[in-house]
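Chains as they are written, first to last, in UniProt numbering: chain A, 1 to 414; chain B, 1 to 564.
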């Protein structure tokens with residue numbers, strides 16, 4: 001079957017591009033090795049970490065760093081992407097709250113306050129400006145190994161919040177040998193679990209007079225806003241989720257919003273199709289070959305979007321000799337000059353590590369460029385983490401860039 | 001009030017702990033001081049080989065003889081710290097084929113049991129080894145958990161009534177005339193100073209021995225021979241594999257716990273506290289490893305680290321390569337050597353011979369003190385720390401537990417070498433309760449604790465972490481050395497956050513003089529892991545490092561928290 005557009009990669013960037021193109025009536029295939037890195041994230045939309053006012057910081061950024069993806073696609077593309085994702089999530093019954101004029105800061109599973117822009121409804125009661133309005137309870141389950149209320153509360157207290165940590169009892173019959181965040185999230189979809197936990201929270205609220213309660217981000221996989229509403233009603237306090245270590249349930253929820261929308265829009269998704277090489281005619285990419293079930297399959301399309309991610313997502317891979325390859329199409333990679341320059345000796349160096357700014361250099365239409373600045377394929381756009389000249393993690397802009405480039409790609413390449 | 005003891009031991013590595021145990025068992029009072037955690041120096045930074053002696057039969061026959069003897073003794077006294085891997089010396093196309101016969105002859109001369117292994121048997125056991133290997137010899141090598149051995153030794157020392165002060169820095173040695181009579185140490189946690197009066201100071205500080213001697217005004221020059229190692233995230237072999245040649249860089253692979261260690265390089269460094277790992281060392285180890293296991297460098301490398309060998313050469317013999325310096329140990333009586341009484345230094349040597357070094361040093365001290373009790377360390381079996389799985393569970397016994405129904409797989413292969421210095425049962429170790437690779441998994445399954453793993457890579461349960469914390473092991477690095485938390489492929493991605501949080505919770509329930517800041521501990525630990533990972537970050541391990549960064553910076557915001 002011949003497609004109008006084939007997207008390689010099923011993260012937020014790839015699915016944004018797929019949804020946008022499907023909405024215009026194109027036949028779209030998403031070809032992916034796996035499900036992207038969404039389950040490793042907090043499940044929020046990070047746009048820019050530094051400062052309380054992302055919008056004004058970004059206005060400076062696009063002038064000072066013209067190679068940054070935001071500068072290439074423009075802030076209007078980002079704004080359109082943010083508006084679109086809010087509409088998308090609201091339609092899926094999983095509303096996102098916030099905006100880019102004023103950043104939000106929410107507690108992490110260590111009790112730090114982390115900057116982001118849009119957060120799911122299930123987290124918004126944890127926003128730092130509201131947290132100071134009274135005594136605050138952080139509650140977890142001992143069986144869940146990735147959430148430690150006493151330490152979270154200690155670190156919040158050190159920042160001036162009246163926080164207390166406690167452990168709740170896992171309702172009988174729900175203890176399992178392997179108590180993963182996903183398993184606990186499924187537990188919360190059962191009415192008797194919500195009733196039991198709600199009752200325990202109610203007792204704590206009566207004793208401690210808590211206004212707000214922070215719980216691990218495991219309050220249901222599919223109906224999280226309803227779970228939070230029910231727990232609020234039962235406990236008599238405002239409830240907010242705090243994202244846990246991978247597997248992150250809020251990250252998965254956000255992914256499911258995109259995935260369900262894509263399937264509903266008629267996008268075909270082929271996961272487990274690992275793109276291993278490309279076939280080109282001059283500057284036109286004609287086909288790619290995916291490998292699955294011990295054979296190769298040829299896929300052809302008119303246009304292509306590369307959304308395979310960076311070093312974390314698996315779109316880039318390095319070897320011991322300092323080479324970095326782009327794994328799907330073999331595109332040229334912009335990277336630090338030598339391996340000696342890959343890392344800062346300090347892990348938490350504020351600027352991050354140069355290797356993680358490696359990626360595919362692109363022109364303003366997001367077409368891949370070689371070392372001399374020539375377009376490699378005219379019918380390919382690169383979006384999301386595979387792009388060069390930014391660090392999505394340290395700059396706190398993973399979802400922002402994914403949306404700005406993924407959703408904005410089509411407008412650049414009509 | 002100064003402490004008073006008969007012997008003050010400097011250094012909490014295998015040698016110092018061995019001396020403390022030997023003294024205590026002979027009823028001689030002693031105090032051991034160590035500036036860091038036990039086994040935080042070279043003891044904890046070597047490749048983990050239990051020497052058969054084979055590596056030294058040509059270059060240093062005396063060391064070979066000592067290793068062969070001690071090998072048998074260690075199997076008796078600390079089986080839980082040893083894995084009975086066996087060892088092979090193989091002739092690859094890059095090695096001088098004529099050396100093999102000389103090697104065998106040298107083994108016989110040094111009393112090191114050896115037997116040629118048919119190539120078909122070698123390939124059956126170790127299918128990934130280079131098929132171009134032309135000959136192979138089996139020896140009695142094994143692998144050793146030197147962290148665990150240090151803990152076991154410390155337990156034995158303390159139950160024998162001696163005291164161990166870790167995190168105590170030796171500041172001064174006090175001389176009265178030409179005799180050392182006391183040491184002054186600083187508790188690095190509280191900052192308090194303490195004087196310890198003693199009849200003898202035993203300097204067992206390894207590569208740092210020159211500095212300790214200098215505190216008594218004695219000049220002692222050691223060559224710090226840095227050896228770099230790389231841990232691979234896979235046991236490509238289950239047998240220790242050596243190149244059958246004169247010892248050189250990168251000629252050994254030691255399977256230990258869940259990893260295989262490529263060793264080693266040998267570079268002279270001026271300062272045992274400050275050295276780096278060079279990219280060319282890692283490249284060399286991988287390139288040499290490829291000769292033994294083709295494709296080895298495509299496996300994931302976990303970490304590179306280095307230790308410093310305390311090599312000693314009598315004055316006037318300097319020059320030449322470090323590897324030419326004998327690996328055997330020297331007992332230096334500074335009364336004879338320098339005219340300073342009350343100070344004895346133990347230099348050189350290796351982990352496998354720690355007990356023998358201690359025995360000889362203590363013999364000298366005991367003789368001077370007029371104590372006549374004989375050494376007992378060759379017969380006293382060391383206790384198993386409570387932090388071990390098997391301390392919580394009924395032990396699995398003997399070879400049947402190790403190999404299940406497949407006993408013919410390996411255990412029946414005899415090493416009936418021509419020069420066989422010990423009995424058949426001891427050679428095969430069939431009744432010993434050795435460490436075996438599946439131990440942790442077996443214990444986790446038996447206790448149905450799979451859902452309560454704090455460290456999934458090394459299968460460390462919450463119960464073991466809490467046991468360690470409740471026993472007063474309170475830095476994340478000490479917990480790592482005790483439990484291997486953070487040593488696996490994720491290098492701390494999940495487990496260190498969990499361990500730091502548990503550390504905080506346990507500290508809340510205990511009265512602590514100086515509680516550890518969990519945030520700072522977390523950051524320091526991750527930074528230390530980062531340093532060891534930098535030389536080998538590429539491929540999947542680079543991806544892993546990025547995931548760890550996503551967890552600690554992207555999700556937890558470790559970098560956003562101020563120290564409390």
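From the three backbone atoms N, C-alpha and C, an ideal C-beta is built for every residue, glycine too.
### Query
To the nearest angstrom, how far is it from the Cα of residue 225 of chain B to the Cα of residue 150 of chain A?
46 Å
### Query
Which first and last residues belong to the alpha helix (DSSP H) in which residue 351 of chain B is found?
First-last for residue 351 of chain B: undefined, no H or E at that position.
### Task
Could you tell me whether the region 57-71 of chain B touches the region 116-134 of chain B, where touching means 3 or more Cβ pairs closer than 8 Å?
no
### Query
Taking DSSP as the reference, what is the three-state secondary structure of residue 520 of chain B?
helix
### Task
Kindly say whether residue 69 of chain A, judged by its beta-carbon, lies nearer than 7 Å to any beta-carbon of chain B.
no
### Task
Using a Cβ cut-off of 8 Å, pull out every chain A residue sitting near residue 557 of chain B, in sequence order please.
108, 110, 112, 113 and 114
#### Entry: Minimum Cβ-Cβ distance from residue 299 of chain B to chain A less than 7 Å
no
#### Entry: Buried versus exposed call for residue 129 of chain B [16 or more other C-beta atoms within 10 Å across all chains shown]
buried
### Task
Express the C-alpha separation of residue 374 of chain A and residue 260 of chain A in angstroms, rounding to a whole number.
38 Å
### Query
Alpha carbon to alpha carbon, how far is residue 319 of chain B from residue 202 of chain B?
Any reading at residue 319 of chain B must be qualified, since the residue scores a pLDDT of 48, below 50, and its modelled position is unreliable; the value itself is stated next. Using only the alpha carbons, I get a separation of about 28 Å.
### Task
Can you pull the chain A residues whose beta carbon is under 8 Å from the beta carbon of residue 519 of chain B, in chain order?
110 and 155
#### Entry: Cβ pair residue 368 of chain A, residue 316 of chain A closer than 7 Å
no
#### Entry: Beta-carbon neighbours of residue 505 of chain B, restricted to chain A and to distances below 8 Å
148, 150 and 151
### Message
Suppose contacts are defined by Cβ-Cβ distances below 7 Å. Is residue 301 of chain B in contact with residue 230 of chain B by that definition?
### Response
yes
### Those residues which DSSP pairs with residue 89 of chain B across a bridge
B/137 and B/242
### For residue 394 of chain B, the three-state DSSP class (helix, strand or coil)
Only weak support exists for where residue 394 of chain B lies, its pLDDT of 40 falling under 50; the coordinates are left without a value.
### Query
Residues of chain B with a CB under 7 Å from the CB of residue 48 of chain A: which are they?
Those do not exist, as residue 48 of chain A stays about 14 Å from chain B at its closest Cβ, beyond 7 Å.
#### Entry: Selection from A/10, A/388, A/136 and A/340 that minimises the alpha carbon distance to residue 162 of chain A
A/136
#### Entry: the region 447-459 of chain B: positions lying closer than 9 Å to chain A by Cβ
448, 449, 450, 451, 452, 453 and 454
### Message
Is it buried or exposed, residue 535 of chain B, if we count other Cβ atoms within 10 angstroms and call 16 or more buried?
### Response
buried
### Task
Mind checking the region 209-226 of chain A against chain B and listing, in chain order, the residues whose C-beta falls within less than 9 Å of any C-beta there?
none
### Query
chain A partners of residue 553 of chain B, CB-CB under 8 Å?
348, 393 and 394
### Closer than 9 Å at the beta carbon, the chain B residues around residue 179 of chain A
451 and 452
### Task
Pull up the CB-CB distance for residue 299 of chain B and residue 234 of chain B, whole angstroms please, since I reckon it's below 8 Å.
5 Å
### Query
Beta-carbon of residue 479 of chain B versus every beta-carbon of chain A: anything under 7 Å?
no
### Message
Looking at the strands, I want to know which residues DSSP matches up with residue 232 of chain A.
### Response
Residue 232 of chain A is not bridged to any residue.
### Query
Is there a Cβ from chain B that is less than 7 Å from the Cβ of residue 142 of chain A?
no
#### Entry: Simplified DSSP assignment, three categories, for residue 96 of chain B
coil
### Message
Just to make sure I have the definition right: I need the residues of chain A whose C-beta is within less than 9 Å of the C-beta of residue 304 of chain B. Which are they?
### Response
By Cβ distance, chain A contributes nothing, its closest Cβ being about 12 Å from residue 304 of chain B, past 9 Å.
### Message
Any beta carbon of chain B sitting closer than 7 Å to that of residue 170 of chain A?
### Response
no
### Interface residues of chain A facing residue 491 of chain B [CB-CB closer than 9 Å]
Within 9 Å Cβ-Cβ: nothing; residue 491 of chain B doesn't reach chain A, min ~11 Å.
### Query
Taking Cβ-Cβ distances shorter than 9 Å, what residues in chain B pair up with residue 245 of chain A?
493, 494, 497, 498, 551, 555 and 556
### Query
From this set, A/133, A/87, A/22 and A/297, which residue's C-alpha is nearest residue 209 of chain A's C-alpha?
A/133
### Message
Suppose only complete runs of 4+ residues qualify. What are the alpha helix (DSSP H) ranges in the region 55-111 of chain A, listed by chain order?
### Response
69-73 and 75-91
### Sufficient close CB pairs (3 or more, under 8 Å) joining the region 136-149 of chain B to the region 31-46 of chain B
yes
### Terminal residues of the beta strand (DSSP E) in which residue 194 of chain B lies
193-203
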